[in-house]
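So the sequence shown is numbered by numbering that gives the first Met the number 0: it starts at 0 and just counts up by one.
Glycine included, every Cβ here is placed at the ideal spot set by N, Cα and C.
All figures in this text were calculated on a predicted structure; none of them were measured in a lab.
Below: the structure, in C-alpha cells.
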Amino acid sequence: MKLIIDTAARTLTTADGASERTQPLYSKEAWEAISLQWVRVGWSLGAYYNFSWFGRPILQLPEDLVRLQEVVYSLQPDVIVETGVYRGGSMMFHASLCQALGKGRVIGIDQRIPPADREAIERHPWLHASRSSKAIPSPPKSWIEWRRSSGRARPCW
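Here's what the structure looks like:
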C-alpha cells in the first residue's frame with residue numbers, strides 16, 4: 000500500500016495496486032490509515048526500546064500505554080498479572096495506575112529477573128516479582144483464588 004499525504008490539499012490518498020482512494024486528511028479514515036502505518040514503523044524500528052516508566056525500560060509504544068490505562072481505569076482490577084517482566088517498566092506503569100486508583104496489585108512472573116531489576120521492582124509497595132515459569136508463588140496465588148471466588152478477577156487481553 001502507498002500513502003500520499005498532501006498537506007496543501009489536505010488529503011490522504013491510499014493506493015493499493017490499481018485501486019486508489021482519496022479522502023480528507025483530517026478524517027477518521029485518514030487518521031486510522033496513518034496510525035496503522037505509524038505503529039508498524041515504530042515496531043519495525045524497535046522504537047519501543049526508547050521508552051521508560053519511572054526509570055525502568057518499558058517495551059511499549061506510548062499509544063499502547065494510553066490504551067492500557069483506559070482498560071485498567073475501566074476495569075479497576077484488584078490484581079494485574081504480567082508474564083514476561085523484562086526489566087520491570089510495564090510493571091511500574093501498571094503499579095502507578097493502581098496507586099492512582101488507590102487499589103490493585105501487580106504480580107510479575109518471569110523465568111529470569113536480573114538481581115538489580117528485581118531489587119528495583121521489589122522496592123515498589125504495589126509490586127511482587129517471581130522467578131518462576133510454573134506458577135504464581137503461594138501468597139499471591141491464594142489472593143488471586145480469593146478474588147476469583149468473590150467474582151472480582153477478570154482476565155483482560
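By the Cβ test, the region 67 to 75 is not in contact with the region 28 to 45, since fewer than three Cβ pairs between them sit closer than 8 Å. By the neighbour-count criterion, in which a residue is buried when 16 or more other Cβ atoms sit within 10 angstroms of its Cβ, Phe53 is exposed. Secondary structure at Val78: strand, using DSSP grouped into helix, strand and coil.
For Leu11, the enclosing beta strand (DSSP E) has its first and last residue at Thr10 to Asp15.
According to DSSP, Leu2 shares a beta bridge with Thr13. Around Lys102, the same chain offers Gln75 and Asp77 as residues with beta carbons nearer than 8 Å, after the five sequence neighbours per side are excluded. Of the other Cβ atoms in all chains shown, 16 or more fall within 10 Å of the Cβ of Gly88; this residue is therefore buried. In this structure, Pro114 keeps its C-beta atom at 9 Å or more from the C-beta atom of Arg86.
Unbroken alpha helix (DSSP H) runs of no fewer than 4 residues, entirely contained in the region 40 to 119, are found at 61 to 74 and 88 to 100, following chain order. Distances from the CA of Tyr47 to each of Ile33, Leu35 and Asp63 were compared; the closest alpha carbon is that of Asp63.
In the three-state scheme derived from DSSP, where H, G and I count as helix and E and B as strand, Ser34 is classed as helix. For Ser18, the pairing in a beta bridge is given by DSSP as Asp15.
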